[in-house]
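These notes are about the structure you will find just below.
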Amino acid sequence: MVAKSTERAVTLDSSGSNQPPMNFTADELFALARNKSAEGRRQLFSTVCDLFLGESLVLSDRERALMGEILRQLVRDVEMAVRKSVADKLSKRSDAPHALVIELANDQIEVANPILKESEVLKDVDLIEVIRHRTMEHQLAVAMRKTVSANVSSALVDTGNQDVIATLLNNHGATITREVMDYLVNESKRVDAYQNPLVRRPDLPPDLAQRMYWWVSAALRKHIAQTFSVNMDPVDDAIEESTNSLIKQETDARAKPGKTEDLIERLGELGELNTDFLIKALRQGEVSLFETGLARMSGLRLNLLRRILYEPGGEGLAMLCRATGVERQTFATIYELTRKAADRGDEAKAQVDPFELFDKTKARDAERVLKRWRRSSQYLDALKSVGSDA
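Set out below in structure tokens:
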């Protein structure tokens, strides 16, 4: 088969016809597209398709455009088996006619599937139109593309179809914006199918991953509390320990302790971290060393510990010292030094005398308060969000 130009004859084989080869100019082929005969249109489609897809024939841009338009006009008039075959072939070609590819992408899913999954010819706007106006099966095919842009991902999420969204989440070639990821993390509280795909995504931001860990833990806690009559304190301990372990595995690679943390950790391992050391550090102006050491001894988060240390009244500090077995005189020393470190002097007056509170509070009651303080703030927030009786 030979094609020299659109002005010259193009020799075409009639694809199984008993007729001899037909010589048409490309313009004449376009005119034949108006032939209403079903058999004639089928043969024309097959002939032009074979010509278009043939590797041995070099077509000019105009010939290619005309033949693409012929195929687009004829494609709906041929049986599905033919359309499926053409779609499968065109899905792998970057030079496929854009209009024809769009036509096939909007066909029945049996035809559209390979085009939607593989065709590089489809633009984001084409895919979004398919998502908005075609079936769930079309949406699933788009969600399984090798790469999915952020705009297309957003359109898939906008469908609200859980199967489509779960498929998208399982596709690590899909780009999902932080805003959409945040929304899906919140949605995963009620849609279990989102949970595993989300936590397995390498692009899930660490803070969103931690939020998921905590509310999943809170949901488990609520289920246990509602199903079994048990003391929830040990349950909380086990859940929080497991969740913290998972988070630690995620963050260890990024965490780089400073010199202060290294020193406190080493002293703790050697059994040399005690209140005498901490008070000495505080007297010498090593406030950060004191804070980090007391945080390790008490098991509190550093930010929370600082709030307790420097609150105006000192009631929290009294409770903390009572819970950790600190002697009254040592508590008085820490109280005095932390007031100076906070540069408050005598201006901050407690509503409750901290020393009276220290004397009246039983150790076991203070320990219960400290235990709650030790709970992750994210865990406590998650408990509230799922309605647990925390």
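Each residue of the sequence shown is one higher than the one before, counting from 410 in this note's numbering. We put the CB at the ideal spot given by N, CA and C, even for glycine.
- Under the criterion of beta carbons closer than 8 Å, residue 700 and residue 766 do not qualify as touching, at roughly 22 Å.
- Rounded to the nearest angstrom, the Cβ distance from residue 688 to residue 743 is 7 Å, consistent with a contact under 8 Å.
- Residue 524 places its beta carbon less than 8 Å from that of residue 510.
- The three-state secondary structure of residue 557, taken from DSSP, is strand.
- For residue 702, the enclosing alpha helix (DSSP H) begins and ends at 696-707.
- Take residue 772, set aside five residues on each side of it, and the residues of its chain with a beta-carbon closer than 8 Å to its own are 731, 732 and 734, in chain order.
- If you check the CB distance, residue 747 and residue 726 come in under 8 Å.
- DSSP, reduced to helix, strand and coil, places residue 505 outside both helices and strands of the structure shown, so it counts as coil.
- It is roughly 24 Å from the alpha-carbon of residue 779 to the alpha-carbon of residue 675.
- A direct Cα-to-Cα measurement between residue 740 and residue 763 gives close to 10 Å.
- In this structure, the CA atom of residue 784 is about 35 Å from the CA atom of residue 584.
- When the Cα atoms are used, residue 545 and residue 670 turn out to be separated by approximately 53 Å.
- Excluding sequence positions up to five before and after residue 603, its CB lies within less than 7 Å of the CB of 574, 575, 578, 593, 596 and 597, all in the same chain and listed in chain order.
- Judged by their CB atoms, residue 682 and residue 702 are nearer to each other than the 8 Å cut-off.
- Cα atoms of residue 761 and residue 721: separation of roughly 11 Å, rounded to the nearest angstrom.
- By the CB criterion at 8 Å, residue 505 and residue 530 fall inside the cutoff.
- Residue burial annotation: residue 711 is exposed, with fewer than 16 other C-beta atoms found within 10 angstroms of its C-beta.
- Per DSSP, residue 683 lies in no alpha helix (DSSP H) and is assigned neither H nor E.
- The C-alpha of residue 642 is placed about 11 Å away from the C-alpha of residue 634.
- Residue range 604-608 is occupied by the alpha helix (DSSP H) that includes residue 606.
- Straight across, the Cα-Cα distance linking residue 518 with residue 713 is about 56 Å.
- The beta-carbon separation of residue 580 and residue 557, rounded to 6 Å, stays under the 8 Å limit for a contact.
- Of the residues assessed, residue 636 falls on the exposed side of the cut-off, its CB having fewer than 16 other CB atoms within 10 angstroms.
- Counting C-beta atoms within 10 angstroms of its own C-beta, residue 736 has fewer than 16 neighbours from the protein chains shown and is therefore classed as exposed.
- In this structure residue 645 is buried. Its beta-carbon is surrounded by 16 or more other beta-carbon atoms within 10 angstroms.
- For residue 520, same chain residues with a beta-carbon under 8 Å away, outside a window of 5 residues either side, are 489, 492, 493, 496 and 513 in chain order.
- The C-alpha of residue 620 is placed about 35 Å away from the C-alpha of residue 532.
- Within the same chain, 515 come within 7 Å of residue 543 by CB-CB distance, once the 5 residues on both sides are set aside.
- Rounded to whole angstroms, the separation of the alpha carbons of residue 716 and residue 782 is 12 Å.
- If you draw a 10 Å sphere on the C-beta of residue 562, you find 16 or more other C-beta atoms in it, and that means buried.
- In this structure, the alpha-carbon of residue 571 lies about 14 Å from that of residue 551.
- Within 10 angstroms of the beta-carbon of residue 610 lie 16 or more other beta-carbons, which makes it buried.
- Boundaries of the alpha helix (DSSP H) harbouring residue 535: 533-542, taken from the DSSP string.
- For the pair residue 553 and residue 649, the Cα-to-Cα distance works out to about 36 Å.
- Here residue 528 is buried: its Cβ has 16 or more other Cβ atoms, across all protein chains shown, within 10 Å.
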